[in-house]
Amino acid sequence: ATVASAQKKGCAMFGQSLLGVPLVANGAAPQKIADESKLEKLQSACPALYSAFGGKDGEYCCAESQIQTLYTKMQLLHQIVLGCPACDHNFKHLWCWMTCAPYQEEFLNVTKTTGNGKDVDEVDYYVAPHFGESLWNSCKEVKVSSMNVKAMDTLCKTDDCKGWHMMLSK
251 ATVASAQKKG
261 CAMFGQSLLG
271 VPLVANGAAP
281 QKIADESKLE
291 KLQSACPALY
301 SAFGGKDGEY
311 CCAESQIQTL
321 YTKMQLLHQI
331 VLGCPACDHN
341 FKHLWCWMTC
351 APYQEEFLNV
361 TKTTGNGKDV
371 DEVDYYVAPH
381 FGESLWNSCK
391 EVKVSSMNVK
401 AMDTLCKTDD
411 CKGWHMMLSK
């Protein structure tokens, strides 16, 4: 059995606004991606997700319009955590699954919206404690060489990543 067959399919988010903000999906069914170039970008940005959910024949909770955004973010992430394949892999897993997994509704809950309830403003993203701890441990000492700062200080956008670490560990 594949990962996809073990889960109930449903999207919490699907598509994005003109400003790149994810849109509320309310359990809509995942969709196939028809554009070959977008499939190639999804495979490049999120190889584990792409493989786990059927590749070009899979259904995903991300619209074709989101894939370029995700691809660009994954390239930037790769530059930040360059030199640590484990950190890169774990962050890709976190963001790719949040954006495109076809059973998003099982682990992602939209908690706040804007734009007449269409734009996602905040979510609760349920992460297994073991994965959260693994992600933190794989990234906590990684430095952004061009800035000589820790990658987690750049990625978590707080003065102190302990709160973020606590969230991932719960």
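Heads up, the sequence shown is in the working numbering, so the first residue is 251 and it goes up one at a time.
For glycine and all other residues, C-beta sits at the position ideal for the given N, C-alpha and C.
What you are looking at is a predicted structure, and each value in this text was computed from that prediction instead of being measured.
Enclosing beta strand (DSSP E) for E372 [first to last residue] = For this step, residue 372 is matched to residue 122 along the sequence shown. For E372, the enclosing beta strand (DSSP E) starts and ends at D369 to Y375.
Identify every residue that forms a DSSP beta bridge with M402.
-> The residue given as residue 402 occupies position 152 in the sequence shown. Note: M402 sits in no beta bridge, so no partner.
Which value, in whole angstroms, describes the spacing of the CA atoms of Y321 and D374?
-> Position 71 of the sequence shown holds residue 321. Position 124 of the sequence shown holds residue 374. Near 23 Å, if we compare the C-alpha coordinates of D374 and Y321.
3-residue-minimum beta strand (DSSP E) runs that sit fully inside the segment 321-391, ordered along the chain = List check, beta strand (DSSP E) in window: 358-364 and 369-375.
Report the residue from Q281, W386 and L269 whose alpha carbon sits nearest the alpha carbon of A262.
-> Taking the sequence shown and counting its residues from 1, one reaches residue 262 at position 12. Of Q281, W386 and L269, the residue nearest in Cα terms is Q281.
Would you give the residue range spanned by the beta strand (DSSP E) that P272 belongs to?
-> Along the sequence shown, read from residue 1 onward, the residue named residue 272 stands at position 22. Unbroken beta strand (DSSP E) run through P272: P272 to A278.
Using the C-alpha atoms, what's the distance from V331 back to S395?
-> What you label residue 395 is simply residue 145 of the sequence shown in a count that begins at 1. What you label residue 331 is simply residue 81 of the sequence shown in a count that begins at 1. Computed Cα separation, rounded: 9 Å.
Sort out for me which residues DSSP pairs C261 with in a bridge.
-> Taking the first residue of the sequence shown as 1, we reach residue 261 at position 11. C261 pairs with A278.
Report yes or no: do the segment 285-296 and the segment 305-324 share at least 3 C-beta pairs separated by less than 8 Å?
-> Between the segment 285-296 and the segment 305-324, the count of C-beta pairs closer than 8 Å reaches three or more; the two stretches touch.
Taking S388 as the reference, give the member of G333, P272, T319 and G260 with the closest Cα.
-> Sequence index remark: in the sequence shown, residue 388 carries index 138 (1-based). Looking at the Cα atoms, G333 is the closest of the given residues.
Output the distance between the C-alpha atoms of A254 and Y300, rounded to the nearest integer angstrom.
-> By 1-based counting over the sequence shown, the position of residue 254 is 4. By 1-based counting over the sequence shown, the position of residue 300 is 50. Bear in mind that the predicted position of A254 carries a pLDDT of just 45, short of 50, making it unreliable; the figure below should be weighed with that in mind. In a straight line, the C-alpha of A254 is about 11 Å away from that of Y300.
What are the boundary residues of the alpha helix (DSSP H) that includes L268?
-> Walking along the sequence shown from the start, residue 268 turns up at place 18. It is not in any alpha helix (DSSP H) - L268 carries neither H nor E in the DSSP assignment.
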